[in-house]
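Visitor: First the structure, which I've put down as C-alpha cells, then a few questions once you've had a look.
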Amino acid sequence: MPTLTFIFGLYFSLSAAFYFHAGEREEKCIIEDIPSDTLLTGTFRIQQWDTRRHDFLESAPGLGMFVTVTTYNDEVLLSKLYGPQGTFYFTSHSPGEHIICLESNSTRLVSFGGSKLRIHLEIRVGQHDLDAAAAQAKDKVNEVSFKLERLIEQIEQIVKEQNYQRDREENFRMTSEDTNSNVLWWAFAQTLIFIAIGIFQMKHLKDFFIAKKLV
C-alpha cells in the first residue's frame, strides 16, 4: 500500500463534510470504518489558488482527481480518474476500515505556501439519494411512498451500524479478557521464578557456609 501522507482517523455515523489543502501530486487519505454491505457515497469539488486574486477559485478545466479506495487487506474497491468535481460510490464487502485516497492529476499548479488546491469532500455512509421521481411526483401517495422507503432504508442502516458496533465491542471485550488472563499467568510465573531463585540462593549460601566450616 502506498505511503499515506495524510490520514484522518475519523468515523462518520451517517455523513460529514469538510475540506483540506493539497499540494502537487500530493495524496490525501481518510479512513472510514463501516459495516459490510454498506454503500458509501463521496462527493468532492476542487478549488485552485489564484495568484492574482489571492484566493481559492473554482478549478481550471483539465484538472482532475484520482480516487482510490482500498481495504486493509489491500483489496482495491475503486480506482478511477474524475474531473474537478464528481461523485464516487462503493459498497463494502467486509466490515472494517476502508482507506479513501485522493490525488490531483496535475503537476503544473502555482505554489501557495506548499498548498495549491482546496478539496471539498462530503462523505455519506448508508444513504441513497432520494429518487428524482419523488421530487417530481405530483401524486402525494407516491411521494410519501418514496420517503417512507428511504426512511426504512435509513433505519436498516442504523440497525446494521449497531450490530457492527456490538460485534466490535464483543471482540474488544474478548481481547481484553485474554490480555488480563495472560497478565495474570505472567505474574504467577514471575512469582514462581522469584521463589525458585530465592531457594537456589539460600541453598547456595548454605553450601558456601558449610564448605567454609562456618556452620
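Residues in the sequence shown are numbered consecutively from 1, following full-length UniProt numbering.
Note that CB positions come from ideal geometry on N, CA and C, so glycine has one too.
Determine which residues share a DSSP beta bridge with LEU148 and list them.
Guide: Residue mapping note: residue 148 aligns to position 148 of the sequence shown, counting from 1. For LEU148, which the question treats as bridged, DSSP gives no partner whatsoever.
Visitor: Enumerate, from N- to C-terminal direction, the unbroken beta strand (DSSP E) stretches of 3 or more residues contained entirely within the UniProt domain "GOLD" (27–125).
Guide: 28–34, 39–50, 55–58, 65–71, 76–82, 85–91, 96–104, 117–125
Visitor: Count the other CB atoms, across all protein chains shown, that sit within 10 Å of the CB of LEU63; report buried if there are 16 or more and exposed otherwise.
Guide: The residue labelled residue 63 in the question sits at position 63 within the sequence shown. The residue in question, LEU63, is buried, as its Cβ has 16 or more Cβ neighbours within 10 Å.
Visitor: Please find out if some non-hydrogen atom of the ligand SAM comes closer than 7 Å to the beta-carbon of ILE31.
Guide: Absence of the ligand SAM is noted for the structure shown, with no ligands found whatsoever.
Visitor: Buried or exposed, going by whether 16 or more other CB atoms sit within 10 Å of the CB of HIS54?
Guide: Taking the first residue of the sequence shown as 1, we reach residue 54 at position 54. Counting Cβ neighbours within 10 Å, HIS54 comes out exposed, since fewer than 16 surround it.
Visitor: For HIS21, which residues does DSSP report across the bridge?
Guide: Counting from 1 along the sequence shown, the entry for residue 21 is found at position 21. ARG118.
Visitor: Quick one, are the C-beta atoms of LEU77 and THR70 less than 8 Å apart?
Guide: As a working note, residue 77 is residue 77 in the sequence shown. As a working note, residue 70 is residue 70 in the sequence shown. Yes, the pair counts as a contact, with Cβ atoms nearer than the cut-off.
Visitor: Looking at ILE123: is its Cβ nearer than 8 Å to the Cβ of GLY42?
Guide: For the purposes of this step, residue 123 is taken as residue 123 along the sequence shown, with counting starting at 1. For the purposes of this step, residue 42 is taken as residue 42 along the sequence shown, with counting starting at 1. Yes, they are a contact pair.
Visitor: ARG118 and PHE56 - do their beta-carbons sit closer together than 8 Å?
Guide: To locate residue 56, count along the sequence shown from 1; it is residue 56. To locate residue 118, count along the sequence shown from 1; it is residue 118. PHE56 places its beta carbon less than 8 Å from that of ARG118.
Visitor: Rounded to a whole number of angstroms, what is the C-alpha to C-alpha distance between PHE208 and ILE197?
Guide: Position 208 of the sequence shown, counted from the start, is the residue given in the question as residue 208. Position 197 of the sequence shown, counted from the start, is the residue given in the question as residue 197. Going by the C-alpha atoms only, they are around 16 Å apart.
Visitor: What's the gap between the Cα of ILE34 and the Cα of GLU161?
Guide: Here residue 34 refers to the residue found at position 34 when the sequence shown is read from its first residue. Here residue 161 refers to the residue found at position 161 when the sequence shown is read from its first residue. One C-alpha to the other measures close to 8 Å.
Visitor: Are the Cβ atoms of GLU32 and ILE100 separated by less than 8 Å?
Guide: For this step, residue 32 is matched to residue 32 along the sequence shown. For this step, residue 100 is matched to residue 100 along the sequence shown. For GLU32 and ILE100, yes; Cβs fall inside 8 Å.
Visitor: For my contact list, MET65 and TYR82 are in at a C-beta cut-off of 8 Å; report their separation, rounded to the angstrom.
Guide: Your numbering for residue 65 matches position 65 in the sequence shown. Your numbering for residue 82 matches position 82 in the sequence shown. That belief holds up - the Cβ atoms of MET65 and TYR82 are roughly 5 Å apart, short of 8 Å.
Visitor: At the level of alpha carbons, what is the spacing between ALA211 and GLN201?
Guide: As a first step, residue 211 must be located in the sequence shown, where it is residue number 211. As a first step, residue 201 must be located in the sequence shown, where it is residue number 201. Whole-angstrom Cα-Cα distance: 15 Å.
Visitor: What do you get for LYS28, buried or exposed, if any count of 16 or more other CB atoms within 10 angstroms of its CB means buried?
Guide: Taking the sequence shown and counting its residues from 1, one reaches residue 28 at position 28. By the 10 Å Cβ count, LYS28 comes out buried.
Visitor: In or out: ILE46 buried (at least 16 other Cβ within 10 Å) or exposed?
Guide: Indexing the sequence shown from 1 puts residue 46 at position 46. Only buried fits ILE46, as 16 or more other CB atoms lie within 10 angstroms of its CB.
Visitor: Note down the Cα distance separating GLU103 from GLN154, rounded to an integer number of angstroms.
Guide: If you number the sequence shown from 1, residue 103 lands on position 103. If you number the sequence shown from 1, residue 154 lands on position 154. Approximately 31 Å, taken between the alpha carbons.
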